[in-house]
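Have a look at the structure below, then the notes.
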Amino acid sequence: MAILEVENIRKSFGSVLVLDDISFSMEKGTVLSIIGSSGSGKTTLLRCLNFLERPDTGIIRVNGETLLDASFPARDFQRNIRLKRLHFGLVFQSFNLFPQYTALENVTLAEKLLAQEKPDWKEKKSEYHRAIEEHGRELLAEMGLQDRMGNYPHQLSGGQCQRVAIARALALNPDILCFDEPTSALDPELTGEVLRVIRGLAERHTTMIIVTHEMAFARDVADEVIFMDGGKICEQGDPKEVFGNPKQERTKQFLSRFSET
Amino acid sequence: MSFSEQFPIVLGSLNTGFLQTLRLFFITLLGAIPLGMVLAVGEMSSFKPLRAVIRTLVWIIRGSPLMIQLLIIFYFPGLVFQTPLWGGGESGRFAAAAVAFVINYACYFCEIFRGGIQGIPVGQDEAGMVLGMKPAQIFFRIKLLQVVKAILPPISNEIITLIKDTSLARIIALQEIIWAGQSFMKGSQGISGAIWPLFFTGVYYLVATGILTIVFAKLEKKLSFFR
Ligand SMILES: Nc1ncnc2c1ncn2[C@@H]1O[C@H](COP(=O)(O)OP(=O)(O)O)[C@@H](O)[C@H]1O
Ligand SMILES: [Mg+2]
């Protein structure tokens, strides 16, 4: 069964149709890469998946459970929205780390707050905290940041910040981890370290949706590629096919523009 | 009377006056900070009429002299309703001054709070939201300290201005330090025609603003561990 099914998502801002009938699905443990020129609606799509935007139409299902059916009233969208969001993780282009918390605190804060909702929180508070911190340390070590746990975001490079942000998103064990151009805000020499950890996650079969302009990376790491254009899915398929032998004229144009630069 | 005889008498009067100054200062802070928060929340609400009312109030209060507001609040009830709301004595004058100062400073604080809260990038909210945090958690655990850090410089400016602004209450004859200093010009406790006590009040203000400056610099330093 598909881990994620997206059906007929439409979204407009005012009179501008930004997502036009988007449907796709993906399997657990696979990587989906979304490419497309700026303004094609990639960020809006990820924001819909993370319940930061409410689509005008469409359905989002995770593991067969309908999290969103836009034909239901708006009230339904808000109900349990926090818990629905936890199915997804989102890594932002601009990191959005919490500046007053250390790398480790950034990673553990949400998990600690969620633990407060557990029925035995009061009795087992210190055990929970210890386990959560241990988990946070593991995640940061996995990101190659074992020496940086006590540093504040402003003391870290962009690449390190983004790796903290990835650890922070992983901490809540989302079903699907989304990346919105995770290296676009980085100096070119720092993109490698971030792409490397994402590649590592792919090797361990983390289910991921990656919006990126790193074409070589997308081709390498993705099991499936979607090319978006003007709010529509213009072409979709195996990366070797889409990159090596694009069917659509728009895809060819887009990819040729990339190989020039 | 020689200067050395005058000095302790004047000092006693100025101390009493300055106590009233400080009382007005602290009461204003105690009232204006919470009221400013309430106004800021109202100004950010999605209910348009409320926003319009608060914005108009803020415009009127910040757009006109505090001295006029003091005079209106003190004299208006008596002149218009023939009921001197505030009573005649020092306590009545103090109450009127406190109300005027609280309203005035609440409007300034309101704008600082609102600017501080709205100045936090939406990415902070969104990062909290996708991590399953509740709105209150996002505000208190993520944004509040960032807001405090951002508004500390303008708030410290306002508070330092406030200690000096309390002298405006002289206009309704509140017996604060300026009033106390001036009394020796007309004559008080056997001293008359002396202007130096009035000038000497400046020392009190300098000491007070000096202490505030040091305290705020310390606070800013405390919050400099993040950016
Ligand atoms: N909140 C918004 N209000 C109005 N228009 C928006 C908003 N967010 C995005 N858009 C518009 O939607 C279109 C798609 O934007 P986006 O999803 O950010 O594209 P991409 O991430 O592919 O560059 C753009 O034309 C953008 O201007
Ligand atoms: Mg984008």
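Top to bottom, those sequences are chains F and C. Heads up, the first sequence is in the numbering used here, so the first residue is 232 and it goes up one at a time. Heads up, the second sequence is in the numbering used here, so the first residue is 1338 and it goes up one at a time. Just so it is clear, CB atoms sit at the ideal spot from N, CA and C, and this is done for glycine as well.
Proximity test, residue i beta-carbon vs ligand 2 heavy atom, cut-off 7 Å
i         : result
F:Lys259  : no
C:Glu1463 : no
F:Glu412  : yes
Heavy atom of ligand 1 within 7 Å of residue i beta-carbon
i         : result
F:Lys273  : yes
F:Phe448  : no
F:Gly267  : yes
F:Phe244  : yes
C:Gly1425 : no
F:Val249  : yes
F:Gly270  : yes
Between the CA atoms of residue j and residue i - distance to the nearest angstrom
i         : j         : result
C:Phe1411 : C:Lys1558 : 41 Å
C:Glu1427 : C:Gln1512 : 7 Å
F:Arg379  : C:Val1459 : 26 Å
F:His318  : F:Leu335  : 22 Å
C:Val1484 : C:Leu1468 : 21 Å
F:Ala447  : C:Cys1444 : 56 Å
C:Leu1356 : C:Lys1486 : 31 Å
F:Asn209  : C:Glu1380 : The structure shown does not extend to residue 209 of chain F, since chain F is modelled only from 232 to 492, so the question has no answer here.
F:Lys259  : F:Gly245  : 35 Å
C:Phe1477 : C:Ile1454 : 12 Å
F:Glu364  : F:Asn404  : 15 Å
C:Pro1421 : C:Gly1530 : 34 Å
C:Met1470 : C:Ile1409 : 47 Å
F:Asp300  : F:Lys471  : 34 Å
For residue j and residue i, believed in contact at Cβ under 8 Å, the rounded distance
i         : j         : result
F:Leu371  : F:Ala398  : 5 Å
F:Val395  : F:Leu387  : 7 Å
F:Gly375  : F:Leu421  : F:Gly375 to F:Leu421, Cβ: 13 Å. No contact.
F:Leu276  : F:Leu250  : 6 Å
F:Leu340  : F:Phe329  : 7 Å
C:Pro1534 : C:Val1347 : 5 Å
Contact list for the stretch 1466 to 1482 of chain C against chain F, Cβ threshold 8 Å: Met1466, Val1467, Leu1468, Gly1469, Met1470, Lys1471, Gln1474, Arg1478, Ile1479, Leu1482
Residues in the stretch 368 to 396 of chain F having any Cβ partner in chain C nearer than 7 Å: Tyr383, His385
Selection of the stretch 319 to 332 of chain F by Cβ proximity to chain C, strictly under 9 Å: Phe319, Gly320, Leu321, Phe323, Ser325, Phe326, Asn327, Leu328, Phe329, Pro330, Gln331, Tyr332
Interfacial residues, the stretch 285 to 316 of chain F to chain C, with Cβ spacing under 8 Å: Arg313, Leu314, Arg316
Selection of the stretch 338 to 354 of chain F by Cβ proximity to chain C, strictly under 8 Å: Leu340, Ala341, Leu344, Leu345
Residues in the stretch 1436 to 1465 of chain C having any Cβ partner in chain F nearer than 7 Å: Gly1460, Gln1461, Glu1463, Ala1464
Residues, ordered as in the chain, of the stretch 405 to 434 of chain F that lie near chain C by beta-carbon distance below 8 Å: none
Members of the stretch 1382 to 1396 of chain C that neighbour chain F once the beta carbon cut-off is set at 8 Å: none
Near-chain F residues of the stretch 1547 to 1564 of chain C (beta-carbon distance less than 9 Å), N- to C-terminal order: Leu1560, Phe1562, Phe1563, Arg1564
Contact set between the stretch 270 to 286 of chain F and chain C, restricted to residues whose Cβ is under 9 Å from the partner: Arg278, Asn281, Phe282, Leu283
The stretch 239 to 251 of chain F: positions lying closer than 9 Å to chain C by Cβ: none
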